[in-house]
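Asks:
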Amino acid sequence: MERIGLIGGVSWASTMEYYKRLNMAVQNTGKDFESADLAIISLNFSKILAAQKRDDNETEFNILSKAVHQLAQTEVKKILICSNTTSNTCDRLSKLVNIPIINIIDATANKLISMKVSNVGLIGTQYVMERDFYKKRLEAKGINVLIPRSRTRQVIHDSIYQDLCRYALTDTSRGIMYRAIDELAESGAEAVILGCTEIPLVVNDRVYQNSIKIIDSIDAHIEAALSLTPENNNTSSMLRHLN
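Numbering-wise, the sequence shown is residues 13 to 255 according to our numbering.
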């Protein structure tokens, strides 16, 4: 496979999940001892988070731009930022190098379009749910976005940063996410995006007792990355056993 660059550490818990799923996807091709060719830049999450709390897009962009240039030196053929919240920088970062930076929002939107979903719920950090960069990008592709009520958004946000980013995968956090999904289903969502790459650590659509579709943004992101590699023509089947 072509070398993929990962910008991780945002948080390290979900970066670990990317590493695992990419390698399992390659392993599922059936080639003996084949593993993913990856270059990883792991950022200090505290600096990114401080910028996000201030809504300081310039500082966030500068941190990520250094990582992009570092990855460009490793001969990667595409770059993934292992985060939904940080994806608001993708368009600007894409202008820095002649390497595709695959936007997790676009990958998720394309997954929804392929499933013919036009009314979707979104859970993630408050930045994802409340700032317009995520919602507008989906709406531009004809997808209507529903978010949980204010109190639910706060509880989700707190759970992500207090537990999931620290790899504390608690039943409490799991219950918070499932209740938020139920709330969105009751509001008319046809599907719900796990719009934070830590949420799939506690939410599994195979054990969720509801007919609503769960869209795992990590899977959508990896599927988009591997579909750009010529030898991987059946990416969805490669990912089917990962969760």
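Heads up, the beta-carbon is just placed ideally off N, CA and C, and yes, glycines get one too.
Using the Cα positions of V140 and G17, report the straight-line distance between them to the nearest angstrom.
Replies: Translated into the one-based positions of the sequence shown, residue 140 becomes position 128. Translated into the one-based positions of the sequence shown, residue 17 becomes position 5. Rounded to whole angstroms, V140 to G17 spans 23 Å at the Cα level.
Asks: Using a 10 Å radius around the Cβ and a threshold of 16 neighbouring Cβ atoms, would you call Y179 buried or exposed?
Replies: For the purposes of this step, residue 179 is identified with residue 167 of the sequence shown, where counting begins at 1. Exposed is the call here.
Asks: Would you kindly work out how many angstroms separate the C-alpha atoms of A237 and N96, rounded to a whole number?
Replies: Mapped onto the sequence shown, residue 237 falls at position 225. Mapped onto the sequence shown, residue 96 falls at position 84. Going by the C-alpha atoms only, they are around 15 Å apart.
Asks: In its own chain, which residues sit with a C-beta less than 6 Å from the C-beta of R149, not counting the 5 before and 5 after it?
Replies: Taking the first residue of the sequence shown as position 1, residue 149 is located at position 137. Cβ within range, chain order: I117.
Asks: Reducing DSSP to helix, strand and coil, say where S54 ends up.
Replies: The residue labelled residue 54 in the question sits at position 42 within the sequence shown. If DSSP states are grouped into helix, strand and coil, S54 belongs with the strands.
Asks: Report back the beta-carbon spacing between E14 and K89 to the nearest angstrom; my notes put them in contact at under 8 Å.
Replies: By one-based count along the sequence shown, residue 14 stands at place 2. By one-based count along the sequence shown, residue 89 stands at place 77. About 4 Å; that satisfies the 8 Å criterion.
Asks: So does the segment 99 to 112 actually touch the segment 29 to 40, counting three or more Cβ pairs closer than 8 Å?
Replies: No, the segment 99 to 112 is not in contact with the segment 29 to 40.
Asks: Given this structure, state the Cα-to-Cα distance separating W24 from S229, to the nearest angstrom.
Replies: Against the sequence shown, residue 24 aligns to sequence position 12. Against the sequence shown, residue 229 aligns to sequence position 217. Rounded to whole angstroms, W24 to S229 spans 16 Å at the Cα level.
Asks: Would you kindly report the start and end of the unbroken alpha helix (DSSP H) that includes D144?
Replies: Position 132 of the sequence shown, counted from the start, is the residue given in the question as residue 144. Residues D144 to E151.
Asks: Could you pull the start and end residues of the beta strand (DSSP E) that V204 belongs to?
Replies: One-based indexing of the sequence shown puts residue 204 at position 192. A203 to L206 is the extent of the beta strand (DSSP E) around V204.
Asks: Short check: CB of I172 to CB of A203, under 8 Å?
Replies: Counting from 1 along the sequence shown, the entry for residue 172 is found at position 160. Counting from 1 along the sequence shown, the entry for residue 203 is found at position 191. Going by C-beta atoms, I172 is not nearer than 8 Å to A203.
Asks: Specify whether the segment 205 to 219 and the segment 40 to 57 touch according to this definition: at least 3 beta carbon pairs, one from each stretch, less than 8 Å apart.
Replies: At 8 Å Cβ cutoff, the stretches do not touch.
Asks: If you run the structure through DSSP and keep just helix, strand and coil, what is V167?
Replies: Taking the first residue of the sequence shown as position 1, residue 167 is located at position 155. Helix.
Asks: Using 8 Å as the threshold, is the C-beta distance between L158 and S199 below it?
Replies: The count along the sequence shown starts at 1 and reaches residue 158 at position 146. The count along the sequence shown starts at 1 and reaches residue 199 at position 187. It is a contact, given that the beta carbons lie within the stated cut-off.
Asks: Please classify I111: does DSSP put it in a helix, a strand, or coil?
Replies: The residue given as residue 111 occupies position 99 in the sequence shown. Looking at I111 - three-state DSSP - the assignment turns out to be coil, as it is neither helix nor strand.
Asks: In the structure shown, what three-state DSSP assignment does D228 receive?
Replies: Translated into positions along the sequence shown, residue 228 becomes position 216. Here D228 sits in strand by DSSP.
Asks: Among residues of its own chain, excluding the 5 on either side of Q82, which ones have a beta-carbon nearer than 7 Å to its beta-carbon?
Replies: Here residue 82 refers to the residue found at position 70 of the sequence shown. Taken in chain order, the residues that qualify are I53.
Asks: Of the residues R163, M127 and L105, which one's Cα is nearest the Cα of I135?
Replies: Position 123 of the sequence shown, counting from 1, holds the residue named residue 135. Closest option to I135, Cα to Cα, is R163.
Asks: Starting from N156, trace the beta strand (DSSP E) in both directions and tell me its first and last residue.
Replies: Translated into positions along the sequence shown, residue 156 becomes position 144. Residues N156 to L158.
Asks: In angstroms, rounded to a whole number, what distance separates the CA positions of R191 and P160?
Replies: Taking the sequence shown and counting its residues from 1, the one referred to as residue 191 is at position 179. Taking the sequence shown and counting its residues from 1, the one referred to as residue 160 is at position 148. Taking the straight line from one Cα to the other gives about 10 Å.
Asks: Taking A152 as the reference, give the member of I168, T137 and I125 with the closest Cα.
Replies: Counting from one through the sequence shown, the residue named residue 152 turns up at place 140. Answer by Cα proximity: I125.
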